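Line order of the protein sequences matches chains A and B.
First residue of the first sequence: 467, per our numbering; consecutive thereafter.
First residue of the second sequence: 467, per our numbering; consecutive thereafter.
C-beta: ideal position from N, C-alpha, C; glycine also.
From a predicted model like this one, the values you see are computed outputs, not experimental measurements.
2 protein chains.
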Amino acid sequence: MADLPLKGGPLEPGQTIGILGGGQLGRMLATAAARLGFDVVILDPEPDAPAGRVAAHTIVASYDDPQGLEALGAAAGIVTYEFENVPAQAVARLAEMGVEVAPGPLALRIAQDRLEEKTFLNGHGAPTVAFAAADTPEAAVAAAEQLGLPVLMKTRREGYDGKGQRWVEHAADAAAAFRALGGVPVILEAAAEFVRELSVIAARGRDGATAVYPLAENHHEGGILRRSIAPARVTPALADQAERIAARVLAGLDYVGVIGIELFEMADGRLLVNEIAPRVHNTGHWTLDGCEVDQFEQHIRAIAGWPLGPTVAVARVEMLNLLGEEADQWLKFAAEPETRLHLYGKRDAKPGRKMGHVNRVKPL
Amino acid sequence: MADLPLKGGPLEPGQTIGILGGGQLGRMLATAAARLGFDVVILDPEPDAPAGRVAAHTIVASYDDPQGLEALGAAAGIVTYEFENVPAQAVARLAEMGVEVAPGPLALRIAQDRLEEKTFLNGHGAPTVAFAAADTPEAAVAAAEQLGLPVLMKTRREGYDGKGQRWVEHAADAAAAFRALGGVPVILEAAAEFVRELSVIAARGRDGATAVYPLAENHHEGGILRRSIAPARVTPALADQAERIAARVLAGLDYVGVIGIELFEMADGRLLVNEIAPRVHNTGHWTLDGCEVDQFEQHIRAIAGWPLGPTVAVARVEMLNLLGEEADQWLKFAAEPETRLHLYGKRDAKPGRKMGHVNRVKPL
Numbered sequence: 467m468a469d470l471p472l473k474g475g476p477l478e479p480g481q482t483i484g485i486l487g488g489g490q491l492g493r494m495l496a497t498a499a500a501r502l503g504f505d506v507v508i509l510d511p512e513p514d515a516p517a518g519r520v521a522a523h524t525i526v527a528s529y530d531d532p533q534g535l536e537a538l539g540a541a542a543g544i545v546t547y548e549f550e551n552v553p554a555q556a557v558a559r560l561a562e563m564g565v566e567v568a569p570g571p572l573a574l575r576i577a578q579d580r581l582e583e584k585t586f587l588n589g590h591g592a593p594t595v596a597f598a599a600a601d602t603p604e605a606a607v608a609a610a611e612q613l614g615l616p617v618l619m620k621t622r623r624e625g626y627d628g629k630g631q632r633w634v635e636h637a638a639d640a641a642a643a644f645r646a647l648g649g650v651p652v653i654l655e656a657a658a659e660f661v662r663e664l665s666v667i668a669a670r671g672r673d674g675a676t677a678v679y680p681l682a683e684n685h686h687e688g689g690i691l692r693r694s695i696a697p698a699r700v701t702p703a704l705a706d707q708a709e710r711i712a713a714r715v716l717a718g719l720d721y722v723g724v725i726g727i728e729l730f731e732m733a734d735g736r737l738l739v740n741e742i743a744p745r746v747h748n749t750g751h752w753t754l755d756g757c758e759v760d761q762f763e764q765h766i767r768a769i770a771g772w773p774l775g776p777t778v779a780v781a782r783v784e785m786l787n788l789l790g791e792e793a794d795q796w797l798k799f800a801a802e803p804e805t806r807l808h809l810y811g812k813r814d815a816k817p818g819r820k821m822g823h824v825n826r827v828k829p830l
Numbered sequence: 467m468a469d470l471p472l473k474g475g476p477l478e479p480g481q482t483i484g485i486l487g488g489g490q491l492g493r494m495l496a497t498a499a500a501r502l503g504f505d506v507v508i509l510d511p512e513p514d515a516p517a518g519r520v521a522a523h524t525i526v527a528s529y530d531d532p533q534g535l536e537a538l539g540a541a542a543g544i545v546t547y548e549f550e551n552v553p554a555q556a557v558a559r560l561a562e563m564g565v566e567v568a569p570g571p572l573a574l575r576i577a578q579d580r581l582e583e584k585t586f587l588n589g590h591g592a593p594t595v596a597f598a599a600a601d602t603p604e605a606a607v608a609a610a611e612q613l614g615l616p617v618l619m620k621t622r623r624e625g626y627d628g629k630g631q632r633w634v635e636h637a638a639d640a641a642a643a644f645r646a647l648g649g650v651p652v653i654l655e656a657a658a659e660f661v662r663e664l665s666v667i668a669a670r671g672r673d674g675a676t677a678v679y680p681l682a683e684n685h686h687e688g689g690i691l692r693r694s695i696a697p698a699r700v701t702p703a704l705a706d707q708a709e710r711i712a713a714r715v716l717a718g719l720d721y722v723g724v725i726g727i728e729l730f731e732m733a734d735g736r737l738l739v740n741e742i743a744p745r746v747h748n749t750g751h752w753t754l755d756g757c758e759v760d761q762f763e764q765h766i767r768a769i770a771g772w773p774l775g776p777t778v779a780v781a782r783v784e785m786l787n788l789l790g791e792e793a794d795q796w797l798k799f800a801a802e803p804e805t806r807l808h809l810y811g812k813r814d815a816k817p818g819r820k821m822g823h824v825n826r827v828k829p830l
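Here it is as structure tokens:
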């Protein structure tokens, strides 16, 4: 290993942090790490990944490539990731080299399987909608009947931004939906009649200290986050409820780093957990311009064994994702005094692709 | 050229900005450029320069190396710099390739010669202390007698952070001082009996629009900036005076980019210009945590032909430079809730070397 093991204390400036994944989250993590004096090495299959262009080193390799992981482990004192579908064997390989991956294997395993995730959440006092697993078309139909209709079917593994899921309106359609999703194990979720979608970004340090950002109110379109408003206008009781959920999830996972927890606010005032993401999160991008320490620096602080930073909001922010060609309007956004522009350096503005975001900043 | 010429409109995200110099200023410029979607190429003689580790490309070459400049010009749509002693022939070589350097040749020429600088300033309604040039020991003695004592002797060219200058207490000592400074052309400056050192960071866009940040109050030790407090507590009249000076300097230089203007506040309320730096400036680091658009993004906006951003302060900041081993206290600073830490990734903490800075942030 190039660096001292973390057991010896916090990772020191000048040491190297490895990041699996070179997209926008890796890019903003890399920038935050550099600001704290760290070098960054990115591992990504693409040679021209956005994060690689702001990092000291890039390794072009697939996430399960032994040579790539070897190079990453040799360069980095600690490794983190920008997406939850990191192969378990990659983490194991790095562990064999004495390189810690944070957040750790438990958080990854839970986040990679929607059944395990919901089971974990309910077991740790973080309520969710009712759900049932199905491994066959027949089981899917039975689950749909049991949960009531409509019901949301999702593959247990993979899938993001609305991919790998579909609504089932009639129990008999569940078999076809099961096949359409590839015939892989699925989870069926009772429809959540929520009044709002909220999320909470929280962090836990190596010493067990936690820090929770104010809630964000989120609006999706076609399964993709469109905008977040933060701090969301919530009652103190609702904020307390979210903090308690965050504390339980973080402790239950013995977590290190920043986590994104998506919530449903129900009509009766309860919060249900929709899903957790063991990483920095799109609904936390507002913190870049709304907090003194943003979620990216917070994540780096946490995994490096540094003290966590303050999470109080210093401004009210409306975060708007720029999808596909929307980013072509950069000049318009740049001319708006209240708008902070964040572009990710992606070459190809495919429809729906997250090309950047803007934070519209207002006084609290 | 890899990119469209700037004459065709603003530089677009995805295009490349070249930076001469890979120190901390280049590093913070590179990060700001990346946030706006630009790629960055750094040219620096050192292979492991701080800015190179956050840039898409690095060219390791001296600033007057024809091949290095060729590669820079081929990669970049526009070139800027982090220090004012860029060789004039480098700018000329890039211009021959059709690559613009901003801020332009006039600003560089003026800033590289203290005699030209003071002459320019006085000619544009920006007052300075009285001064005289000397090219021989005898002329130095005569100048010292003319200006009164003590008098500050500086080499006309080069020198920074208090290097290349010395105080002369007796006119007869001026000859020895002249020789001690290398026998090169010098300028002698009357002692400024200032009550405070202030500075103003300002920007001018390609369209001639200007934007001026609130004044900073600066404290030097041994010729090196130790700390800045901003916004400085000043009367509206003093702020007006600073803005008028900035406007005259920017217009007089037909300037594009961010400029740092160091000022002396005299007992009678007048502001004198100490020196100008045609670049982002150490006394503007407070803007990273005190303004919505910091001086680095502002500079990138200006040179790229984008609209300038707001310069209003959203917090009160005390910026403290971390010199040499002071940066070893990173863990102490990281634990202070009000302190934002910025480390430059320099390997070798030589005494007096600028290793990083902290911004201590308070409500306005």
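- Sorting B:Val607, B:Gln631 and B:Leu738 by C-alpha distance to the C-alpha of Val661 (chain B) places B:Leu738 at the top.
- A Cβ-Cβ distance of about 14 Å is found for the pair Ile508 (chain A) and Gly539 (chain A), leaving them out of contact under the 8 Å criterion.
- Contact between the stretch 666-675 of chain B and the stretch 715-727 of chain B is present, with at least three C-beta pairs closer than 8 Å.
- The beta carbon of Pro776 (chain A) sits closer than 7 Å to those of Glu758 and Val759, all from its chain and outside the five residues before and after it, given in chain order.
- When DSSP states are grouped into helix, strand and coil, Gly750 (chain A) belongs to the helix group.
- Residues are counted here when their Cβ sits less than 8 Å from a Cβ of chain B; for the stretch 764-778 of chain A these are Arg767, Trp772, Pro773, Gly775 and Pro776, given in chain order.
- Within the stretch 496-524 of chain B, those residues whose Cβ lies closer than 7 Å to any Cβ of chain A are, in chain order, Thr497, Ala500, Arg501, Leu502, Gly503, Asp505, Arg519, Val520 and Ala522.
- The C-beta distance from Phe762 (chain A) to Val778 (chain A) rounds to 17 Å, too long to fall under 8 Å, and the pair is not in contact.
- DSSP lists no bridge partner for Arg710 (chain B).
- Counting only residues of its own chain and dropping the five nearest sequence neighbours on each side, Pro516 (chain A) has a CB closer than 7 Å to the CB of Gly488, Gly489, Gln490, Arg493, Tyr810, Gly811 and Lys812.
- Counted as a single uninterrupted DSSP element, the stretch harbouring Met563 (chain A) is not any beta strand (DSSP E), since DSSP gives it neither H nor E.
- Here Leu574 (chain B) is near Pro744 (chain B), since their CB atoms are less than 8 Å apart.
- Its chain contains Thr594 as the residues whose beta carbon lies nearer than 7 Å to that of Asn588 (chain A), once the 5 sequence neighbours on both sides are disregarded; these appear in chain order.
- Among the residues facing chain A, Leu477 (chain B) is not included, as its CB has no counterpart in that chain under 8 Å away.
- From the beta-carbon of Glu758 (chain A), the residues of chain B found nearer than 9 Å are Asp755, Ala781, Pro803, Glu804, Arg806 and Val827.
- Proximity of chain A to Ala541 (chain B) at the Cβ level (cut-off 7 Å) is not reached, the minimal Cβ distance being about 13 Å.
- In terms of Cβ geometry, Gly518 (chain B) and Pro479 (chain B) do not form a close pair [threshold 8 Å].
- Here Lys820 (chain B) is buried. Its C-beta has 16 or more other C-beta atoms within 10 Å.
- Annotation for Trp633 (chain B): Pro616 and Leu618 place their beta carbon closer than 7 Å to its own, counting only its chain and skipping 5 residues before and after.
- Annotation: Arg672 (chain B) has no Cβ neighbours in chain A at a cutoff of 9 Å; minimum Cβ distance is about 13 Å.
- Cβ-Cβ distances below 6 Å link Phe730 (chain B) to Ala658, Phe660, Leu738 and Asn740 in the same chain, with the five nearest sequence neighbours on each side left out; the list follows chain order.
- The Cβ atoms of Gly818 (chain B) and Ile690 (chain B) sit closer than 8 Å to each other.
- Your pair Ala656 (chain B) and Gly614 (chain B) checks out as a contact, with CB atoms roughly 6 Å apart and the cut at 8 Å.
- Look at Phe504 (chain B) here: in three-state DSSP terms it is coil, with no helix or strand label.
- Residue state for Arg782 (chain A) is assigned as strand, using DSSP reduced to three classes.
- Inter-segment contact for the stretch 556-571 of chain B and the stretch 599-613 of chain B is absent: fewer than three beta-carbon pairs are separated by less than 8 Å.
- Classified as exposed, Thr701 (chain A) has fewer than 16 neighbouring CB atoms from the shown chains inside 10 Å of its CB.
- Non-local C-beta neighbours of Ala815 (chain A) in its own chain, meaning closer than 8 Å and more than five positions away in sequence, comprise Gly790, Glu791, Ala793, Asp794 and Met821, ordered along the chain.
- Residue contact check for Arg622 (chain B) against chain A: no CB pair falls below 8 Å.
- For the 8 Å CB-CB criterion, Asp530 (chain A) and Pro511 (chain A) do not form a contact.
- For Lys584 (chain A), the enclosing alpha helix (DSSP H) begins and ends at Arg580 to Gly589.
- Using a CB distance cut-off of 8 Å, Gly790 (chain A) does not count as an interface residue toward chain B.
- Here the stretch 545-552 of chain A does not lie against the stretch 695-713 of chain A, with fewer than 3 beta-carbon pairs under 8 Å apart.
- Exclusion of the five residues before and after Lys584 (chain B) leaves Thr594 and Phe597 as the residues of its chain whose Cβ lies within less than 6 Å of its Cβ.
- Not a single CB atom of chain B sits nearer than 8 Å to the CB of Leu491 (chain A).
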